[in-house]
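A short write-up of the structure that comes next.
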């Protein structure tokens, strides 16, 4: 009798664990990332790739190309004073970026610009287009040279043959307006 109860208890426990495993595998994204859906960009969006290739960043015509680092591609929307209001950048892996350490890497990078960095959310194992996998952070920071307060989504994405970073940022005062556009651009990001 006791053995039967132990076996029954074991079956119940195993079933509960199996259900939790299935539920967590199909669980919805955390609230900060529920906007993410790896889908192609709208047909009327433009696209650019870093000079070395490996990734494609999509953006609406309201953003224009900026001069940027040799390895990267950047687009932005500026206000009348020339201040960047909305910004997108794609850069190939340049050093120690890794999926597992991306949140720490990105926050440390931003702290190199200014100590006033606040981490809002992180996620790992995000599935991008073409089978790529990403690790993302949402944070805000203040720029050092000309004091502006930005909020950003920054993702390190590992594809089959390439790895790249996409940064989608906006002035914090414009974040609510710009976030849907930036989230759409991150969702459409493609890495080979």
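Numbering (this note's numbering), first residue to last: 333 to 524.
Beta carbons are placed, not taken as given, at the ideal position from N, Cα and C, and that holds for glycine.
Whole-Å CB distance - residue i paired with residue j, under 8 Å assumed
i	j	result
residue 457	residue 492	16 Å between Cβ atoms; not a contact.
residue 407	residue 398	6 Å
residue 510	residue 418	5 Å
residue 484	residue 500	6 Å
Pick from the options that is closest to residue i, judged by C-alpha positions
i	options	result
residue 378	396, 364, 387	396
residue 468	415, 430, 394	430
residue 384	365, 422, 447	422
residue 505	498, 447, 520, 411	411
residue 476	459, 453, 447, 497	447
residue 498	420, 391, 414, 380	420
Backbone CA spacing between residue i and residue j [nearest angstrom]
i	j	result
residue 472	residue 375	31 Å
residue 409	residue 503	11 Å
residue 368	residue 478	31 Å
residue 363	residue 470	12 Å
residue 455	residue 518	14 Å
residue 437	residue 360	26 Å
residue 490	residue 427	13 Å
residue 481	residue 461	31 Å
residue 445	residue 451	15 Å
residue 515	residue 449	20 Å
residue 522	residue 487	12 Å
residue 400	residue 442	18 Å
residue 474	residue 432	25 Å
residue 365	residue 416	24 Å
residue 513	residue 380	16 Å
residue 439	residue 459	22 Å
residue 520	residue 386	14 Å
residue 414	residue 453	30 Å
Buried versus exposed, by CB contacts within 10 Å (16 or more), residue i
i	result
residue 405	buried
residue 466	buried
residue 371	exposed
residue 435	buried
residue 403	exposed
residue 424	buried
residue 508	exposed
residue 393	exposed
residue 382	buried
Identity of the residues DSSP links to residue i by a beta bridge
i	result
residue 410	416
residue 484	471, 501
residue 466	458, 489
residue 379	390
residue 424	496
residue 405	422
residue 523	387
Any C-beta of chain D under 7 Å from that of residue i
i	result
residue 362	Of the chains in the structure shown, none is chain D; there is only one protein chain.
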